[in-house]
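Mapping of the sequence shown onto my numbering: residues 36 to 212, in sequence order. Where a beta carbon is used, it is the ideal one built from N, C-alpha and C, also for glycine. All values reported here derive from a predicted model rather than from experimental measurement. I have placed the structure first, in the form of structure tokens, so that the comments after it can refer back to it.
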Amino acid sequence: MDFFETVNRRFSCRNYADRPVEKEKLLACLEAARRAPSSRNSQPCRYVVVNGGEPRTGLIKYTKIEGFNQFADQCGTFVVLYGGQAEHDPRTGKPPPRRAYWQTDIGIAAAYFTLAAAAQGLATCIIGYFEEKPLRELLGIPEDKQIWLILAVGYAKAEPKQPTPRKPLEELVRFLP
Ligand SMILES: Cc1cc2nc3c(=O)[nH]c(=O)nc-3n(C[C@H](O)[C@H](O)[C@H](O)COP(=O)(O)O)c2cc1C
């Protein structure tokens, strides 16, 4: 699939079919995320694949909050992305930069993942709204790390007829001069 076709095909899916995700496809998405750039190549993003059982039930409970993410029960697979600021630069041993980039790095990894998923006919939804602390404890993620995003992964029951609207380019961009 052409890159721009893939970009246009990706959408936030909130209606999943009862069909499991093939492990090879999931691994290909994780491999794409692993290839994502990161500040100083620090690669802060870690992944927990949640496919069922108590971890999935708990994840759904901590994600379906305040009326959000009601679709979560339909989804069989979730990928939890977590990370944190490294104490020292892994290459130089120097203190980290004044601006923290780890959240940005995780966001880029999520973008790579979701595009790789779309290229393989999978549907995803990036979930940023959830109860972080109990979920971190449930999944055995260390206290000094933070869950930043969850990706719901599956097959869409139906693809949207129209792409989600966007602001026009003229509103977003200035060319100089
Ligand atoms: C950082 C981030 C957090 C998001 N959190 C949620 C969420 O908690 N629940 C949800 O249903 N969608 C969530 N979304 C999906 C956005 O609502 C969606 O990307 C946006 O409306 C554009 O629609 P599209 O992805 O279909 O193009 C999130 C997206 C991003 C990038």
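Next item on the list: Have a look at A153 and D140 and give me their C-alpha separation to the nearest angstrom.
Entry: Looking at the two C-alpha atoms, the distance is approximately 20 Å.
Note to self: Beta-carbon within less than 7 Å of A121's beta-carbon, same chain only, minus the 5 sequence neighbours each way: which residues are those?
What the structure shows: The beta carbon of A121 is closer than 7 Å to those of S77, P79 and P131 in its chain, skipping five residues each way along the sequence.
Checklist line | Cα-Cα separation between Q197 and F46, rounded to whole angstroms | finding: Roughly 10 Å between the two C-alpha positions.
Notebook entry, point to check: Can you tell which of Y164, T92, V114 and T112 has its C-alpha closest to the C-alpha of I100?
Noted result: Here the closest residue by C-alpha is Y164.
Note to self: What does the alpha-carbon distance come out to for the pair N50 and L211?
What the structure shows: As the crow flies, the alpha-carbon of N50 is around 42 Å from that of L211.
Notebook entry, point to check: chain D beta carbons: is any one of them nearer than 8 Å to that of Y51?
Noted result: The structure shown contains no chain D; it is built from a single protein chain.
Margin query: In the DSSP output, which residue or residues are listed as bridge partners for G118?
Written below: According to DSSP, G118 shares a beta bridge with Q181.
Notebook entry, point to check: Taking C-beta to C-beta, are G111 and A158 nearer than 8 Å?
Noted result: No.
Checklist line | Cβ separation of I182 and Y117, assumed to be a contact under 8 Å, to the nearest whole Å | finding: Between Y117 and I182 the Cβ distance is about 5 Å, and since that is below 8 Å, they are a contact.
Next item on the list: Would you please state the rounded distance, in angstroms, between the beta carbons of D179 and G119? I believe it to be under 8 Å.
Entry: With a beta-carbon spacing of about 6 Å, D179 and G119 fall inside the 8 Å limit used to define contacts.
Check: Quick one: is A67 buried, meaning 16 or more other Cβ sit within 10 Å of its Cβ, or exposed?
Finding: So A67 ends up on the buried side.
Item checked: Contact check, V83 vs V56, beta carbons under 8 Å -> For the pair V83 and V56, the CB atoms are not nearer than the 8 Å cut-off.
Item checked: beta-carbon F113 near ligand 1 non-hydrogen atom, thresh 7 Å -> Incorrect: F113 has no Cβ contact closer than 7 Å to ligand 1.
Checklist line | Local Cβ density within 10 Å of L62, reported as buried at 16 or more and exposed below that | finding: With fewer than 16 Cβ atoms within 10 Å of its Cβ, L62 is classed as exposed.
Margin query: Can you find the residues in the same chain that come closer than 7 Å, C-beta to C-beta, to P195, ignoring five residues on each side of it along the sequence?
Written below: Cβ within range, chain order: F46.
Notebook entry, point to check: So, helix, strand or coil for S74, using DSSP?
Noted result: Look at S74 here: in three-state DSSP terms it is helix.
Next item on the list: Report buried or exposed for L207, applying the criterion of at least 16 other Cβ atoms within 10 angstroms of its Cβ.
Entry: By the 10 Å Cβ count, L207 comes out exposed.
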